[in-house]
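Contents: one structure, followed by commentary.
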Amino acid sequence: MKSDHGNEFGIRLDKGQKLQNGSAFFIDDHHVLAIGVESQDLIVISPKDMDEMGITAHILGNTHKPIEVKDAKIYLEVDPVVEQVLTQKDIAYTIEEVVLDKPLRHVNLTAHEH
-15 MKSDHGNEFG IRLDKGQKLQ NGSAFFIDDH HVLAIGVESQ DLIVISPKDM
35 DEMGITAHIL GNTHKPIEVK DAKIYLEVDP VVEQVLTQKD IAYTIEEVVL
85 DKPLRHVNLT AHEH
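The numbering used here puts the first residue of the sequence shown at -15, with every later residue one more than the last.
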């Protein structure tokens, strides 16, 4: 991990321990390493109703893209193919600079293949 001052740190976590935005490590009596997640441009979809949420979820599920759903919004990495499909299906979206609380993830209830 590289700090904003260019210093590199190796971090070893106990099994089951996870880094989060705001995690802190005390280097010595005068220095603290605080973990901060960088913002990134993401597609943000705010479905207008449950029907659109269902259609959008179906479309995105078929793309196997990792997503985050929070506060009635769907977040995913910018992808021109996804943008094209959303536009074709008349599903409104924006591109916003976002700091996520946790990484985008796949929803994997049961593994399957196509």
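Cβ coordinates follow ideal geometry from the N, Cα and C atoms, glycine included.
Do you know offhand how far residue i's Cα is from residue j's?
i, j, result
"Gly100", "Val82", "This structure cannot speak to residue 100, because the chain is shown only from -15 to 98."
"His14", "Lys54", "37 Å"
"Gln72", "Leu84", "27 Å"
"His42", "Ala8", "39 Å"
"Gln4", "Lys86", "7 Å"
"Asp74", "His48", "20 Å"
"Asp(-12)", "Lys2", "21 Å"
"Met(-15)", "Met37", "37 Å"
"Val66", "Ile29", "11 Å"
So residue i and residue j are supposed to be a Cβ contact under 8 Å. How far apart are they, rounded?
i, j, result
"Ile11", "Thr40", "Rounded, the Cβ-Cβ distance is 45 Å, inconsistent with contact."
"Ile51", "Leu88", "6 Å"
In or out: residue i buried (at least 16 other Cβ within 10 Å) or exposed?
i, result
"Lys(-3)", "It is Leu, not Lys, that sits at residue -3 in the sequence shown. So Leu(-3) counts as exposed."
"Ile19", "exposed"
"Ile79", "exposed"
"Val(-5)", "The question names Val, yet the displayed sequence has Ile at residue -5. Result: exposed."
Let's see if you can read the secondary structure: which residues bound the beta strand (DSSP E) around residue i?
i, result
"Asp25", "Gln24 to Ile29"
"Ala8", "Ala8 to Asp12"
What residue range is occupied by the uninterrupted alpha helix (DSSP H) comprising residue i?
i, result
"His42", "Met34 to Thr47"
"Glu80", "Looking at the DSSP string, Glu80 is not in any alpha helix (DSSP H); the run it does join, the beta strand (DSSP E), is Thr78 to Val82."
"Glu67", "Pro64 to Gln72"
Worksheet item: Does the region 20 to 27 touch the region 59 to 75, meaning 3 or more C-beta pairs lie closer than 8 Å?
Response: yes
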